[in-house]
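There are 2 protein chains.
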Amino acid sequence: MHKQQLIDCHERIKPFIHNTPVLTSRLIDEMAGAHLFFKCENFQRMGAFKMRGAANAIMQLSDEQKKNGVVTHSSGNFAQALSLSAQSLGVKAYIVMPSSAPQVKKDAVKGYGGILIECEPTLAARERESDRIVNEHGATFIHPSNNDHVILGQGTACKELLELYPDLDYVVTPVGGGGLIAGTALAAYYFGNDCKVIGGEPFEVDDAYRSLQSGKIETNTTTNTIADGLKTQLGDRNFPIIQKHVEEIVRVTEEEIIAAMRLIWERLKIVCEPSSAVALAAIFKKKDELSGKKIGVIISGGNVDISALPF
Amino acid sequence: MHKQQLIDCHERIKPFIHNTPVLTSRLIDEMAGAHLFFKCENFQRMGAFKMRGAANAIMQLSDEQKKNGVVTHSSGNFAQALSLSAQSLGVKAYIVMPSSAPQVKKDAVKGYGGILIECEPTLAARERESDRIVNEHGATFIHPSNNDHVILGQGTACKELLELYPDLDYVVTPVGGGGLIAGTALAAYYFGNDCKVIGGEPFEVDDAYRSLQSGKIETNTTTNTIADGLKTQLGDRNFPIIQKHVEEIVRVTEEEIIAAMRLIWERLKIVCEPSSAVALAAIFKKKDELSGKKIGVIISGGNVDISALPF
């Protein structure tokens, strides 16, 4: 994907997204021994960076395709992002979600005007159900992370960050399905000044780490992590970008994630998801190498059940 | 206090404070039936608006006074604010705190370089101890809310808000010791365009409400509220300003405070104190009268124990 595509994407989605604020903390800088710039996508519309990619993907459809709507299967932020983007653009969004998903997530999708389709809680059932909607309604399937337009959209958060701080040495993101880190890596490559990208990943779902080691897409055998947004795996569209442009994937423990999350809440005074804290935990893990560096951190989202916190 | 004093105060403290961001939420606006602009003093240095007044009070001292340090008694945000302001200005701060105060608050004061003096948990003991420090060290006593320089400093948050949104119809703050609302009322009077100020106060500590009714400073008989920052009472410096310039004090229940706090956390994605939520709860209470208005809301602070939330 080319630099101009990222520029065009950003211009296209600007009316539908917030240019989110960047926060800093003297105390966290002291603890990390570096200068950290937190790009607060928890303040993004619907509460996560996913809004960017979803909006871009829908806007790239033909009028005919828009008329027939879009479909995805997700029980997380992309479900809400696609619903709200579609609503903003006057397009129908079919969201396939396992019947076992929390009611609050079902309500959120409906609140943003999404058409909720419940199915059995298996991957096979999800795919069968979304195939059916593609066939019956002519809707376009949009993958939450393995889609070029989604990847470009997610990269615009890093582009905005570099517009404010052009001389960042690093940008660090969490790694789940790979859309955010692939888009970030493209943005850092095209708009940074020798800006390297590092991914943070829980040990419990270290498919991206192992994929970079083996050179092929690996799957997770366990998904026992508090970072519920990171249980998905890489895809054939984003993996080659990650291979080419990401410096390193750093794995962190559950305890490290929770400690970093607590620090963000207590010191930045913001509500973020456990997934967001994975990036900060990775920075602490690499403290010696990152000493004195200017580091952007993508706070990926803030949709968390505040009555079930790990502290 | 004159307009020029507020202007001078703001210029004076600018190097020591953040011009904090203003957040909005489409959903909260829909619920309130009005346009709300949240001035996020939870992002202020040390996590609360108190930094403004503390910095101004210390900067108004003579060189001789600065050499002998400052003293206050507080177990809340003003203790931290005076410590950090004093540290930033190279002045000693003696903080008298009841021995029963939570360790985390004692640690915070020490972390900002304050000199912690513990005493018995009674008002008499606190006053005796701070009198002793005044006598022994020649330190200047600075009251957390009943001090003209403190009042002016606290008013600068509203001044910043009106610089961004000059046509606010209302600004709403929580009411505790009266420093914030008095300063806010002065700023709204001098810099607003017919901008009215409303205070939110828990029923459980409704001294300000009753004081406005009776025309004299009333005391609280109970302090059984989650809004721990609002248990203090008005003073002779701020009460006349409140009488003259505040439109109304609106009382809210504990349930209303907790519901408003939850909404701020879930929708604005920020960490705020229960005291901050009192202002939003007051707006909901006055929904009919405030319909369609542009309303500034001072989010007073974010220093809260995140492992002991009411939800």
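Same order as they appear, the protein sequences are chains A and B.
Be aware that the first sequence starts at 1, since it is given in my numbering, and climbs by one per residue.
Be aware that the second sequence starts at 312, since it is given in my numbering, and climbs by one per residue.
Note that the Cβ used here is the ideal one computed from N, Cα and C, for glycine as well.
Could you tell me whether the Cβ of residue i comes closer than 8 Å to any Cβ of chain B?
i: Ile-270/A; result: yes
i: Arg-52/A; result: no
i: Ile-257/A; result: no
i: Ile-17/A; result: no
i: Gly-76/A; result: no
i: Ser-307/A; result: yes
i: Glu-266/A; result: yes
i: His-90/A; result: Residue identity check: residue 90/A is Gly in the sequence provided, not His. Output row for Gly-90/A: interface = no.
i: Gly-155/A; result: no
i: Gly-374/A; result: For residue 374/A there is no data in the structure shown, the boundaries of chain A being 1 and 311.
i: Gly-302/A; result: yes
For residue i, which option in the options has the closest C-alpha, if you only look at C-alpha atoms?
i: Leu-263/A; options: Glu-30/A, Lys-14/A, Ile-13/A; result: Glu-30/A
i: Ala-282/A; options: Ile-242/A, Val-297/A, Leu-186/A; result: Val-297/A
i: Leu-473/B; options: Asn-367/B, Asn-330/B, Tyr-520/B, Ile-426/B; result: Asn-330/B
i: Leu-334/B; options: Lys-314/B, Arg-578/B, Ile-406/B, Leu-601/B; result: Arg-578/B
i: Leu-541/B; options: Ser-522/B, Glu-584/B, Val-407/B; result: Glu-584/B
i: Glu-204/A; options: Ser-211/A, Ala-57/A, Ala-227/A; result: Ala-227/A
i: Arg-629/B; options: Asp-374/B, Val-407/B, Cys-351/B; result: For chain B, the structure presents residues 312 to 622; residue 629/B sits outside this window and is missing.
i: Val-271/A; options: Arg-562/B, Gln-376/B, Gly-613/B, His-313/B; result: Gly-613/B
i: Thr-495/B; options: Leu-545/B, Leu-620/B, Ala-468/B; result: Ala-468/B
i: Ala-570/B; options: Leu-620/B, Leu-479/B, His-448/B, Phe-354/B; result: Leu-620/B
i: Leu-168/A; options: Gly-178/A, Glu-254/A, Asp-194/A, Gln-44/A; result: Asp-194/A
i: Glu-160/A; options: Phe-37/A, Ser-75/A, Asp-63/A; result: Phe-37/A
i: Ala-519/B; options: Val-561/B, Ser-411/B, Lys-350/B, Leu-338/B; result: Val-561/B
i: Ser-25/A; options: Glu-254/A, Lys-286/A, Pro-15/A, Lys-39/A; result: Lys-39/A
i: Tyr-94/A; options: His-143/A, His-35/A, Gly-47/A; result: His-143/A
i: Ser-373/B; options: Lys-421/B, Gly-449/B, Asn-353/B, His-313/B; result: Gly-449/B
i: Ser-100/A; options: Gly-215/A, Lys-110/A, Val-109/A, Ser-75/A; result: Ser-75/A
i: Lys-294/A; options: Gly-47/A, Tyr-170/A, Asn-147/A; result: Tyr-170/A
i: Ile-28/A; options: Phe-284/A, Glu-255/A, Ala-48/A, Glu-289/A; result: Phe-284/A
i: Val-109/A; options: Asn-220/A, Ile-151/A, Gly-47/A; result: Gly-47/A
i: Val-252/A; options: Leu-234/A, Thr-219/A, Thr-222/A, Lys-286/A; result: Lys-286/A
i: Gly-235/A; options: Ser-211/A, Asn-146/A, Leu-212/A, Asp-131/A; result: Asn-146/A
Whose C-beta lies closer than 7 Å to the C-beta of residue i among residues of the same chain, with five residues either side of it excluded?
i: Ile-181/A; result: Thr-173, Val-175, Val-197, Gly-199, Ile-242, Val-246
i: Gln-87/A; result: Tyr-112, Gly-113
i: Gln-371/B; result: His-460
i: Lys-403/B; result: Gly-380, Ala-397, Ile-426
i: Tyr-189/A; result: His-245
Using beta carbons (cut-off 8 Å, strictly below), is residue i in contact with chain A?
i: Phe-354/B; result: yes
i: Pro-332/B; result: yes
i: Gly-358/B; result: yes
i: Phe-622/B; result: yes
i: Arg-573/B; result: yes
i: Gly-540/B; result: no
Closer than 6 Å by C-beta to residue i: which residues in its own chain qualify, once you throw out the five before and the five after it? Chain order, please.
i: Ser-275/A; result: Pro-174, Ala-227, Gly-229, Leu-230, Ser-300
i: Ser-602/B; result: Gly-344
i: Phe-311/A; result: Arg-262
i: Lys-377/B; result: Val-402
In chain order, what residues of the same chain have a beta carbon less than 8 Å from the beta carbon of residue i, not counting five sequence neighbours either side?
i: Val-134/A; result: Val-71, Thr-140, Phe-141
i: Ile-617/B; result: Val-582
i: Ile-257/A; result: Pro-202, Thr-225, Ile-226, Ala-227, Pro-274, Ala-277, Val-278, Ala-281
i: Glu-129/A; result: His-73, Val-96, Ile-117, Cys-119
i: Ile-13/A; result: Arg-52, Ala-55, Asn-56, Met-59, Gly-153, Thr-156
i: Ile-17/A; result: Gln-44, Arg-45, Met-51, Arg-52, Ala-55, Thr-156
i: Asp-21/A; result: According to the sequence as given, residue 21/A is Pro; it is not Asp. Excluding sequence neighbours, Pro-21/A sits near Cys-40, Phe-43.
Taking contact to mean 3 or more Cβ pairs, one atom from each stretch, closer than 8 Å, check whether the region 97-109 of chain A and the region 78-87 of chain A are in contact. yes
Mind the definition here: the region 46-53 of chain A touches the region 116-126 of chain A only if three or more C-beta pairs lie below 8 Å; say whether that holds. no
Identify every run of the beta strand (DSSP E) within the region 382-426 of chain B, keeping only runs that are complete inside it and at least 3 residues long; order them along the chain. 404-409
Are the region 543-553 of chain B and the region 314-322 of chain B touching, with three or more C-beta to C-beta distances below 8 Å? no
Alpha helix (DSSP H) runs wholly inside the region 531-567 of chain B, at least 4 long, in chain order: Within the region 531-567 of chain B, the complete alpha helix (DSSP H) segments at least 4 residues long are 550-556, listed from N- to C-terminus.
What alpha helix (DSSP H) runs, 4 residues minimum, are completely inside the region 446-531 of chain B? 459-475, 490-502, 518-525
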